[in-house]
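To convert a position in the sequence shown, counted from 1, into the working numbering, add 448. First comes the structure, then the notes that go with it.
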Amino acid sequence: MQAPTHRIGPEDLVPMVAATLAGETDLIANMANIAALVFEALPDLNWAGFYLWKDGMLVLGPFQGRVACTRIAPGRGVCGTVARGRRTQIVPDVHAFPGHIACDAASAAEIVVPVLHGERLVGVLDVDSPCRNRFTPSDQHRLEQVVALLVARITP
Ligand code: SME
């Protein structure tokens, strides 16, 4: 068998998520594959995954990376801030973010995208990097497109 000549890159992320989610509506299965694709397609990450909004809390969902904290209260850390504010947040330096929750000490930068099904908060997509200033508006655009594909598969 020939070794693969091409690793997937950022430009592959949205088309690969679209292809992978086609025909599947299970939220957890789709989140698991998105976590794997994000982790593989975007360079310099140490964590990528979801927290699900359950009974007024964020609870750890499918992810790639090291063991993470299981519950985050609204308003706490970057994820809890996004759960409350419902807008994507890019944090260039997590050590300068008041209340940042350090699950993996290697994390230096973070982007968190809310997962909204209409008005309903489903959870957040959290992506961490060991490199400060790692996340750009084009990462934000791609990850928001990924979340839009996920939400489009949710049946009412
Ligand atoms: N750093 C996040 C917590 C989740 S972990 O990074 C996986 C935060 O401040 O919300």
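Beta carbons: idealized from backbone N, C-alpha and C, even for Gly. Just so we're clear, the structure is a prediction, and the values are computed from it rather than from any experiment.
With 16 as the cutoff for other CB atoms within 10 Å, does residue i come out buried or exposed?
{"i": "S577", "result": "buried"}
{"i": "D605", "result": "Past the boundaries of the shown model lies residue 605; the chain is included only from 449 to 604, so the question cannot be answered."}
{"i": "G528", "result": "buried"}
{"i": "V515", "result": "exposed"}
{"i": "I538", "result": "buried"}
{"i": "D474", "result": "exposed"}
{"i": "A466", "result": "exposed"}
Against chain B, with Cβ distances strictly below 8 Å, would residue i count as a contact?
{"i": "P510", "result": "Although the question refers to chain B, the structure presented lacks it and comprises just one protein chain."}
Just to check, is the beta-carbon of residue i closer than 7 Å to a non-hydrogen atom of the ligand SME?
{"i": "G471", "result": "no"}
{"i": "G525", "result": "yes"}
{"i": "S555", "result": "yes"}
{"i": "R482", "result": "For clarity, residue 482 is Ile in the given sequence; the question names Arg instead. Every heavy atom of the ligand SME is 7 Å or more from the Cβ of I482, so no."}
{"i": "R517", "result": "Checking the sequence shown, residue 517 turns out to be Cys, not Arg. Yes."}
{"i": "C579", "result": "no"}
{"i": "D492", "result": "no"}
{"i": "W501", "result": "no"}
Secondary structure at residue i, three-state DSSP: helix, strand or coil?
{"i": "E558", "result": "strand"}
{"i": "I538", "result": "strand"}
{"i": "A496", "result": "strand"}
Which same chain residues end up closer than 8 Å to residue i when comparing Cβ atoms and leaving out the 5 residues on each side of it in sequence?
{"i": "R534", "result": "P562, L564 and L569"}
{"i": "V526", "result": "Q537, V539, V542, F545, H548, I549, E558, V560 and D574"}
{"i": "A484", "result": "Q512"}
Excluding sequence positions up to five away, which residues of its chain have a Cβ less than 6 Å from the Cβ of residue i?
{"i": "D541", "result": "R580"}
The ligand GTP and residue i: does any heavy atom of the ligand fall closer than 7 Å to the residue's C-beta?
{"i": "D587", "result": "For the ligand GTP, the structure offers nothing, since it holds only the ligand SME."}
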